[in-house]
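Beneath this line is the structure, given in C-alpha cells, with notes to follow.
Number of protein chains: 2
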Amino acid sequence: MLGIAVIGCGTVGGATAKLLVDEAERIRDRTGKQLVLKYVVDLNFEHAKKIGLDPKYYETDYQKALADDSVGLVVELVGGLTIARTIIERALKAKKHVVTANKALLAHYGPELFALARQNGVSLGFEASCGGGIPVIKAITDGLQANRAEAMYGILNGTCNLVLTEMTEKGRSYGDVLSQAQKKGLAEADPTLDVSGKDTAHKLTILASLVFGCRVSLESFTVKGIDTLDLFDVRMGQSMGYVIKLLAIAQKEGDALALRVAPVFIDRSHPLARVSGSFNAVSLYGHAVGHTMYYGRGAGAMPTGSAVVQDILDAALGLSGILFGSLKIWPDITQPAKLLADAQVMSRYYIRIMTDDRPGVIARIAACLSEHHISITSLHQDEAWRDGDVIPVAITTHRASRGDVLAAVETIGKLPEIKQPVVCLEILDEHKESVE
Amino acid sequence: MLGIAVIGCGTVGGATAKLLVDEAERIRDRTGKQLVLKYVVDLNFEHAKKIGLDPKYYETDYQKALADDSVGLVVELVGGLTIARTIIERALKAKKHVVTANKALLAHYGPELFALARQNGVSLGFEASCGGGIPVIKAITDGLQANRAEAMYGILNGTCNLVLTEMTEKGRSYGDVLSQAQKKGLAEADPTLDVSGKDTAHKLTILASLVFGCRVSLESFTVKGIDTLDLFDVRMGQSMGYVIKLLAIAQKEGDALALRVAPVFIDRSHPLARVSGSFNAVSLYGHAVGHTMYYGRGAGAMPTGSAVVQDILDAALGLSGILFGSLKIWPDITQPAKLLADAQVMSRYYIRIMTDDRPGVIARIAACLSEHHISITSLHQDEAWRDGDVIPVAITTHRASRGDVLAAVETIGKLPEIKQPVVCLEILDEHKESVE
C-alpha cells in the first residue's frame with residue numbers, strides 16, 4: 201500500500217487524483233499494488249468539485265500531507281519555480297518519493313533535486329515532464345541501454361505544433377492561428393513560454409541529459425521560437441518538400457554534443473513531419489537500434505495523468521529505485537556535457553532575402569555565400585512574389601557550418617539592396633542510421 | 201556480474217554476442233551491471249567468425265553452457281518450435297533467466313514457458329519477439345498501466361510492410377515486388393510465414409495477451425495475409441485516400457476482445473499509414489493517454505540485438521523479476537480472453553466485384569447489400585477499367601457487421617454476372633480516442 205498526496209489540483213492534478221481513485225481497484229488487480237489517494241492539496245477546490253473528487257481528500261495545508269506518515273509519495277503539480285521547489289525539497293527530506301510534471305523546475309534545479317532524492321533514499325519520477333503521456337523517459341532509461349545514443353529530435357510542445365500544423369495545412373498566418381487557438385483554449389492567454397521555445401528548451405535539457413548521460417544546462421544552447429515565423433517561408437519550404445517543426449535537437453558529434461531548439465525544415469517523408477496538431481513525438485537514434493520514434497499526446501489532463509500514475513506505480517513497485525540507484529545517467533552524478541560550439545554545427549540552411557529588384561543583386565548575394573564557403577543547392581525567385589519594388593529570393597544550401605552561414609547572412613543583410621532582416625532556417629536532412 | 205550464454209549464432213545471435221562484447225564496458229559504466237558473455241553456442245561458427253567473435257566463446261554443446269554455474273542467463277536465438285523449446289525449458293529448470301526473440305514458440309507455448317519460469321523463480325524476457333528493437337513490450341508492461349486498454353493496431357512484419365509500401369508507392373504487383381525483395385535478401389526464400397500473416401499472428405497473440413491481461417490463443421482469431429492482394433485494390437484504395445497495411449488488430453468491445461490479422465485500408469492521415477518499408481509500429485490506445493505509437497525497425501541483426509541486450513540488462517537489474525512477479529498480465533496466470541465472435545465485429549468495408557457489364561447488375565448488387573443491412577458510402581465504376589466484357593465495381597460501406605458483409609459477399613458472388621471471386625477488405629477508420 202502506498203499513500204499518496206497530490207499537491208496542486210489543476211487540470212493535471214485533478215486528472216491524476218481521479219485516475220488514482222477510479223482505477224485503484226483495476227491497478228491493484230493488475231499490478232498487485234494498492235495506490236491510495238490520501239490528500240488533494242490546493243487552496244481552491246473549484247476544479248476538484250467540478251470533476252467530482254470526494255471532499256474527504258481536500259486539504260489546504262501541504263505541510264499536513266508531508267507530515268502524515270501514511271503518505272509515502274508526493275505528487276507535485278503546482279508548477280513554477282518557487283513553491284513547487286519548496287514542496288519537492290520538503291517531501292524528499294521527509295523521505296517521501298516525489299513525482300512531478302514540472303519541466304521548468306527540473307531544467308533549472310534538476311541536479312540539486314536528484315541529489316536530494318539520493319541523499320534521502322527516495323526517487324523522483326518525472327515521466328510526465330516531457331512528452332505528456334508518452335512513456336519516452338522509460339524508453340530512454342530502460343529501453344535502449346544497449347545503444348550508443350547518436351541523436352534525439354523532439355516535437356515537445358503541443359501548442360507550437362498545433363500552430364505550425366495549422367499554418368502549413370490551412371495557409372494561415374502565425375498571428376491568426378495563435379489567436380484562434382487562444383480563443384479555443386488550445387493556447388495559453390500568455391503563450392510566451394510555449395512560442396518562444398523556452399518550454400521545449402526545458403524538455404531538451406531534461407531529455408538530452410538522460411539520453412547522453414551528461415549534465416546539460418539550460419543556458420548552454422540557443423533557443424529560437426516560432427513567434428517570428430513568416431507564412432511565406434512555411435509555404436516556400438512546403439513547395440520544396442519540407443515541413444516546418446519546432447524541434448529540440450541533440451546530436452552527438454564525435455565526443456561533443458550539439459544542442460539547440462529551433463523551427464527547422466524536415467523532409468516531409470520523415471515520420472516526425474507527420475506529427476500533427478497538438479501531438480508530440482521524440483525520435484531517438486541509437487547505434488544498434490537505428491531510428492525509433494515515440495508518439496502521443498504531449499499535454500492534456502488525462503494523458504499527463506497517465507504518466508504521473510505510471511511513475512507512482514513504478515515507485516510502488518520499486519522499479520524507480522533500482523533505475524535511480526543503478527544507472528549513472530542522472531544529472532546529479534553526471535559530468536557537464538561537452539558541447540559543440542554553435543558556430544561549428546554543420547547543417548543545411550534555407551535563407552530568404554527581401555531585396556530591391558536591381559541588376560546584379562543575385563550575383564552579390566551568391567558572391568557573399570561563396571566567400572563564406574557556402575554552396576547553393578537551389579535558388580528561387582518568382583515574379584509573382586513581387587511586393588512593390590521588393591522581391592523575395594529563397595535559397596537552400598549544402599551543408600555548411602552555422603558560423604559561416606550566420607556570417608554570410610549578416611553580410612548579405614548589409615547589402616544596400618536588402619531592406620528587411622534576412623530569414624535563416626535550418627534544414628534537417630534525415631538523420632543517417634548507422635545500423636548495419 | 202551476470203554470465204551469459206547466447207545459443208544460436210545466426211544474424212541476431214551474432215549481433216547480440218557482438219553487442220555484449222563491444223558494449224560491455226560502456227554498459228557497465230552506464231548501468232553499474234557487468235554483463236559477461238560466456239558462451240556462444242552453435243554447430244557452425246562461420247557467421248561467428250565472419251563478424252569477428254573471439255573463438256574462446258565458441259561451444260557446440262548447449263548442455264555444457266546450461267551446466268555452468270557461472271551462466272546466469274541463457275539467450276535462445278535458435279528459433280523454431282523444437283530444439284528452442286527444449287533449450288528454454290532446460291535453462292529455466294536450471295534456474296537461469298531466459299531471453300528469447302522466438303515469437304512462434306511464445307505464441308504456441310507461452311503459458312507453459314512462463315509457468316515454468318515462475319516455478320523456478322527466474323524471468324523470461326521477450327522484448328525482441330515483437331517489433332524488433334522497439335521497446336514496445338516495455339511500454340505495454342511498464343508505461344501505460346494507468347490505462348484501461350482500448351485497442352492495439354500493429355504493423356509487425358517488415359517483409360509485408362516493405363512489399364505493401366512498394367506496391368503502393370511504385371504501383372508494382374505483389375509478385376514483382378516480392379521476387380525483387382527476395383533477390384535483395386529482404387524477404388525469405390520461403391516467405392510463407394511472413395506473407396500469410398502467420399508471423400504477425402504470433403506477435404498479436406503475444407502482445408494482445410499483455411495489453412489486455414488475458415490469455416489469447418493463436419487459433420482463436422482469423423488470419424489473412426497479403427499473398428492474395430491485387431494491385432488494382434491497392435490503387436483503388438489509394439485513390440480513395442487509404443493506404444493498405446497488414447495489421448494485427450485487437451479491440452476491446454464491451455467486455456470482449458475482437459482480434460484479427462488482415463490487410464486493411466487505413467486513412468492516409470493516420471500515423472500508421474506513414475510507416476514505410478521494413479519499419480514496424482504499434483499504436484496503443486488507452487482510456488487516459490489516448491493514442492500512443494511506437495515506431496522502429498522490426499527486424500535486423502542489430503535492432504533485434506538491442507532489444508535482447510536490454511532484456512538481459514533488465515534481468516541483471518532485477519527489473520524483469522519485479523514485473524514478472526507483480527503484474528498479473530502474464531499468460532500463465534491470466535484467464536482466457538473472452539472473444540467477440542468474428543461475425544459480430546463491426547467495421548467499414550471495401551468490396552470489389554468483377555462483373556459482366558449487363559443492365560441491372562448494379563441494382564442487383566445494391567439490393568444484395570441492402571438485404572444484408574449494409575449501407576453504401578461510395579460506388580465506383582469506370583469505363584476505363586473495362587477488361588473485355590468484365591468491369592470492376594468498387595464499393596465502400598458504412599459500418600456493418602462482418603457476418604452481414606460476408607453473407608452479402610457470398611450472395612453477390614453467386615449472381616450469374618459475377619465471374620471472379622469478390623474481394624472484400626476492411627476499412628479501419630481512425631480509432632476514436634476517449635481522452636477527455
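Chains as they are written, first to last, in my numbering: chain A, 201 to 636; chain B, 201 to 636. Virtual Cβ for every residue (Gly too), placed ideally from N, Cα, C. From a predicted model like this one, the values you see are computed outputs, not experimental measurements.
Which residues in the same chain have their Cβ closer than 6 Å to the Cβ of residue i, if we skip the five residues on either side of it in sequence?
i	result
Gly-496/A	Gly-333, Ile-334
His-631/A	Ala-351, Tyr-485
Glu-453/B	Leu-540
Thr-300/B	Glu-276, Phe-326
For residue i, return the contacting residues in chain B, with the cut-off set at a CB-CB distance below 9 Å.
i	result
Lys-370/A	In chain order: nothing, as chain B lies at least about 15 Å away.
Ile-227/A	Gln-345, Ala-346
So with CB distances below 7 Å, who are the chain A contacts of residue i?
i	result
Asp-582/B	Those within 7 Å of Asp-582/B in chain A number zero; the least Cβ separation is about 30 Å.
Please report the distance separating the alpha-carbon of residue i from that of residue j.
i	j	result
Leu-523/A	Leu-523/B	14 Å
Lys-619/B	Asp-556/B	7 Å
His-402/A	Ala-387/A	18 Å
Arg-372/A	Glu-633/B	27 Å
Ala-284/B	Ala-217/B	18 Å
Ala-317/A	Ala-507/B	30 Å
Arg-564/A	Ala-600/A	19 Å
Ser-526/A	Gly-613/A	53 Å
Leu-404/B	Val-593/A	53 Å
Ile-529/A	Arg-226/B	12 Å
Ala-450/B	Gly-490/B	15 Å
Gln-234/B	Val-206/B	16 Å
Lys-538/A	Val-411/A	14 Å
Leu-519/A	Ser-520/B	10 Å
Ser-417/B	Gly-279/B	20 Å
Thr-400/B	Ala-515/B	27 Å
Val-605/B	Val-623/B	11 Å
Cys-639/A	Pro-621/B	This structure does not reach residue 639/A, given that chain A is present from 201 up to 636, and the question cannot be answered.
Leu-313/B	Leu-306/B	8 Å
Gly-477/A	Glu-366/A	8 Å
Along the chain, where does the alpha helix (DSSP H) containing residue i start, and where does it finish?
i	result
Cys-414/B	That residue, Cys-414/B, is in no alpha helix (DSSP H); it is neither H nor E in DSSP.
Gly-213/A	211 to 222
Leu-292/B	283 to 293
Gly-613/A	602 to 613
Lys-249/A	246 to 250
Taking residue i as the query, report the chain B residues whose CB atoms sit under 8 Å from its CB, ordered along the chain.
i	result
Ser-506/A	Leu-344, Ala-346, Asn-347, Gly-486, Ala-488, Val-489
Gln-510/A	Asp-342, Gly-343, Leu-344, Gln-345, Ala-346
Leu-513/A	Gln-345, Ala-346
Leu-519/A	Asp-342, Leu-519, Ile-522, Leu-523
Kindly list, in the order they appear in chain B, the residues whose Cβ is closer than 7 Å to that of residue i.
i	result
Asp-639/A	The first residue shown for chain A is 201 and the last is 636, placing residue 639/A beyond what the model contains.
Leu-219/A	Ala-346, Ala-488
Glu-223/A	Ala-346
Tyr-494/A	Tyr-494
Pro-471/A	Arg-474, Tyr-495
With a threshold of 7 Å on Cβ separation, who are the neighbours of residue i within its own chain once the five nearest residues in sequence on each side are excluded?
i	result
Gln-438/B	Thr-368
Gly-640/B	The structure shown does not extend to residue 640/B, since chain B is modelled only from 201 through 636, so no value can be given for it.
Glu-617/B	Thr-555, Asp-556, Arg-558, Val-561
Trp-585/B	Ile-591, Pro-592
Ala-607/A	His-572
Asp-430/B	Val-623
Leu-364/A	Ile-426, Ile-444, Lys-445, Leu-446
Residues of chain A with CB closer than 8 Å to the CB of residue i, please, in chain order.
i	result
Leu-527/B	Arg-230, Thr-231, Gly-232
Gly-413/B	Arg-230
Pro-503/B	Ala-488, Val-489, Gly-490, Val-635
Residue i touches chain A at which residues, Cβ-Cβ below 9 Å?
i	result
Lys-338/B	Pro-335, Lys-338, Ala-339, Asp-342, Gly-343
Where does the unbroken beta strand (DSSP E) through residue i begin, and where does it stop?
i	result
Gly-354/A	349 to 355
Gln-451/B	442 to 453
Glu-626/A	623 to 628
Glu-276/B	273 to 276
Ile-576/A	576 to 581
Less than 7 Å between the CB of residue i and some heavy atom of the ligand FAD, yes or no?
i	result
Ile-595/A	Ligands are entirely absent from the displayed structure, and the ligand FAD is therefore not among its contents.
Answer yes or no: does any C-beta atom of chain D fall closer than 8 Å to that of residue i?
i	result
Arg-318/A	Reference to chain D is not applicable here, since the protein chains of this structure are A and B.
Problem set entry | Start-end ranges of the beta strand (DSSP E) lying completely within the region 481 to 545 of chain A, minimum 3 residues | Qualifying beta strand (DSSP E) stretches, in chain order: 490 to 497.
For this session: May I have a chain-ordered list of the beta strand (DSSP E) segments no shorter than 3 residues that lie completely inside the region 296 to 321 of chain A?
Result: Complete beta strand (DSSP E) runs here, min 3: 297 to 300.
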